[in-house]
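*Asks:* If you scroll down you'll find the structure; I have some questions about it.
Number of protein chains: 2
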Amino acid sequence: MTEPTGRRERKKAQTRQSLADAALKLFLERGYDQVGVKDVADVADVSVTTLFKHFSGKEALVFDQDDDLEAALVAAVRDRTPGQSIPQALREHILLKQTQFAVHATDPRFTDFTRLVQETPALRDYAHRMWTRHEAALTRAIAEAVGAPEDDVSCAALARFALEARSLILRHAEPRQAADEAFALLEHGWAASHPGN
Amino acid sequence: MTEPTGRRERKKAQTRQSLADAALKLFLERGYDQVGVKDVADVADVSVTTLFKHFSGKEALVFDQDDDLEAALVAAVRDRTPGQSIPQALREHILLKQTQFAVHATDPRFTDFTRLVQETPALRDYAHRMWTRHEAALTRAIAEAVGAPEDDVSCAALARFALEARSLILRHAEPRQAADEAFALLEHGWAASHPGN
DNA sequence: TGTGAAAGTTTAGTCGTTGCGCTTATTTAG
DNA sequence: CTAAATAAGCGCAACGACTAAACTTTCACA
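First to last, the sequence lines map onto chains B and L.
So that you can map any letter, position 26 of the first sequence is 26 in the UniProt record's numbering, and since no number is skipped, the others follow by simple counting.
So that you can map any letter, position 47 of the second sequence is 47 in the UniProt record's numbering, and since no number is skipped, the others follow by simple counting.
Take a look at the structure:
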């Protein structure tokens, strides 16, 4: 079970890993815009076309694909502890995801990586896109949780605002406090129109 | 005063207009991605180099630059009618801007243009970027209006959420109703932490 | 063992975008 | 009125991200 794959898939995974490693290394050394996609391919010792068979674009090189991110988001709303409001559940979920990463804060590579992403427009935008990708799913989950129609505007607004709150929190030194302040707006506003959720 | 410019500036404005017209025409006919920047330049009868001297990129071809958009946003907060809350003022401002455009709703070109922008990812993203460009300025304006520190998180959150609300409103058939529902969240939440603003 | 799918390569190309050196037209100053 | 300064516009060559096509190698599996 530890090695369920054949030699072929292992080699493929290895190539992918080589590319990701090379990319991160070069981007941290020289900066994202100062590194060409060819440079990455050269260091990983593959052709440029191969690089694009593994990654959808230059920005994707530094992000591990979280496939079940959407499911976790929906579950955070659906399976929230009774008595907890939806904004509270979302705040907790986002903070949890954040502190999961922050566990590695001792690793200097982690803080460097974060700085790289936040200081590179292309990467910042890409990360934001990947995160807000699931707005529609979250909107549906919220609407279902409160028995509202699927296209209810206040549900869509809560979903959008909660997802947007993440980058507000991310750029602050005190994530917990920032989350509390940003979500206070949503909690009070939500309670006013959807009491008990 | 009606003609304060020389022949030079007039010609420049004319080529710029030719480019914008050609771009909109071609984009509407064939779709944004099916039109190359060279096609636009050819129809406008200028070189590609000249096109990029007038517009910062392909997406900018279809947007008139609103230079005082930021000032208007800040003014909407600073000069709001007494007794009106900041979220209310922002909602009105956004709705006003929207209906200013909607005046041209009789013009079939307007609805076509809107569809083009909303259905083309590159244009949708660009428009969103141009709009959210002024988040920092809006945050400062709000903070100043309530006497909070410049980097207050709840002010930043209100600014971000209010700006994000626009695209929520934009894609809905009933802008007024959508704005009311989306901003209800912000008004109640804001009132709870900043009573009287 | 051999066959076919999948990884990888090479080559050539598209498309947006920029830099360079040049011509041409307009403005400004002498 | 003329000459120098200014700016628009041009063609061309290039760069970087990305794709298509045709081909070779390698491994899994029947």
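Just so you know, even glycine gets a beta-carbon here, dropped at the ideal spot from N, CA and C.
As the structure is a prediction and not an experimental result, all values here were calculated from the model.
Hey, out of W190/B, S193/B, Y126/B, whose CA is closest to D64/B's CA?
*Replies:* If we check each option's Cα against that of D64/B, Y126/B comes out closest.
*Asks:* Count the CB pairs spanning the region 134-146 of chain L and the region 155-173 of chain L that are closer than 8 Å, and state whether there are at least three.
*Replies:* The region 134-146 of chain L vs the region 155-173 of chain L: in contact.
*Asks:* Using a C-beta cutoff of 7 Å, does F55/L count as contacting chain B?
*Replies:* Judged by the 7 Å Cβ criterion, F55/L is not in contact with chain B.
*Asks:* Would you verify that the beta carbon of H93/B is, or is not, closer than 7 Å to some beta carbon of chain L?
*Replies:* False, the Cβ-Cβ gap to chain L never drops below 7 Å.
*Asks:* Check whether the region 65-79 of chain B touches the region 33-43 of chain B, taking contact to mean three or more Cβ pairs, one atom from each stretch, closer than 8 Å.
*Replies:* No, because fewer than three Cβ pairs between the region 65-79 of chain B and the region 33-43 of chain B fall closer than 8 Å, the two stretches do not touch.
*Asks:* Can A179/L and L90/L be called in contact, C-beta distance under 7 Å?
*Replies:* Cβ atoms of A179/L and L90/L: not closer than 7 Å.
*Asks:* Counting beta carbon pairs with one atom in the region 48-56 of chain B and one in the region 26-34 of chain B, are three or more of them shorter than 8 Å?
*Replies:* Not touching, per the Cβ criterion.
*Asks:* Whole angstroms are fine: how far does the CA of K97/B sit from the CA of residue 226/L?
*Replies:* With chain L represented from 1 up to 197, any question about residue 226/L goes unanswered, as that position is not in the structure.
*Asks:* Going by the CB atoms, is the gap between A13/B and A44/B shorter than 7 Å?
*Replies:* Not a contact, by the Cβ cut-off of 7 Å.
*Asks:* Quick one: give me the first and last residue of the alpha helix (DSSP H) that P108/L is part of.
*Replies:* That run of the alpha helix (DSSP H) goes 108-119.
*Asks:* Residue range of the alpha helix (DSSP H) that D21/L falls in?
*Replies:* Counting along the chain, the alpha helix (DSSP H) containing D21/L begins and ends at 7-30.
*Asks:* What three-state label does DSSP hand E144/L in the structure shown?
*Replies:* E144/L falls in the helix class under three-state DSSP.
*Asks:* Give every residue of the same chain whose Cβ lies closer than 7 Å to the Cβ of R124/L, excluding the five residues on either side of it in the sequence, and list them in chain order.
*Replies:* Closer than 7 Å at Cβ, skipping near neighbours: V117, Q118.
*Asks:* At a CB distance below 7 Å, what residues from the region 129-160 of chain L approach chain B? Give them in sequence order.
*Replies:* Listed in sequence order: V153, S154, A156, A157, L158, R160.
*Asks:* With 7 Å as the threshold, decide whether the Cβ of S85/B is near any Cβ in chain L.
*Replies:* No, its Cβ sits nowhere closer than 7 Å to a Cβ of chain L.
*Asks:* For D68/B, which three-state DSSP category applies?
*Replies:* Coil at D68/B, not helix or strand.
*Asks:* Can you find a CB in chain B that lies within less than 7 Å of the CB of H188/L?
*Replies:* Yes - at least one Cβ of chain B is within 7 Å of the one on H188/L.
*Asks:* Give the single residue among K11/B, A145/B, A20/B whose Cα lies nearest to the Cα of Q84/B.
*Replies:* Measuring from the Cα of Q84/B, the nearest candidate turns out to be A145/B.
*Asks:* Using a Cβ-Cβ distance cut-off of 7 Å, determine whether E119/L contacts chain B.
*Replies:* Cβ-Cβ to chain B under 7 Å: no for E119/L.
*Asks:* What does the Cβ neighbour count give for K11/B, buried or exposed, with the cut at 16 atoms within 10 Å?
*Replies:* With fewer than 16 other Cβ atoms within 10 Å, it is exposed.
*Asks:* Out of P121/B, P195/B, F113/B, state which residue places its alpha-carbon closest to the alpha-carbon of V62/B.
*Replies:* With distances taken between Cα atoms, V62/B lies closest to F113/B.
*Asks:* Thinking C-alpha only, which one of D33/L, A184/L, W190/L, H93/L is nearest L185/B?
*Replies:* Nearest C-alpha to L185/B: W190/L.
*Asks:* For A182/L, which residues of its own chain have a beta-carbon under 6 Å away from its beta-carbon, when the five flanking residues on both sides are left out?
*Replies:* For A182/L, where only same-chain residues beyond five positions count, the Cβ hits under 6 Å are A165, L168.
*Asks:* How long is the line joining the alpha carbons of residue 199/B and V46/B, rounded to whole angstroms?
*Replies:* No answer is possible for residue 199/B: the residues shown for chain B start at 1 and end at 197.
*Asks:* So L168/L contacts chain B; which residues on that side make the cut at Cβ distance below 8 Å?
*Replies:* Ordered by position in chain B, the residues that pass the 8 Å Cβ test against L168/L are V153, A156, A157, R160.
*Asks:* Give me the Cα-Cα distance between T81/L and P82/B, rounded to the nearest whole angstrom.
*Replies:* Using only the alpha carbons, I get a separation of about 42 Å.
*Asks:* Identify, in the order they occur along the chain, each residue of the same chain with its Cβ nearer than 7 Å to the Cβ of S193/L, setting aside the five sequence neighbours on each side.
*Replies:* These residues qualify, in order along the chain: S154.
*Asks:* From this set, A143/L, R109/L, D33/L, which residue's C-alpha is nearest N197/L's C-alpha?
*Replies:* The shortest Cα separation from N197/L among A143/L, R109/L, D33/L belongs to A143/L.
*Asks:* In chain order, what residues of the same chain lie with their CB nearer than 6 Å to the CB of A122/B, ignoring the 5 residues before and after it?
*Replies:* Cβ within range, chain order: E59.
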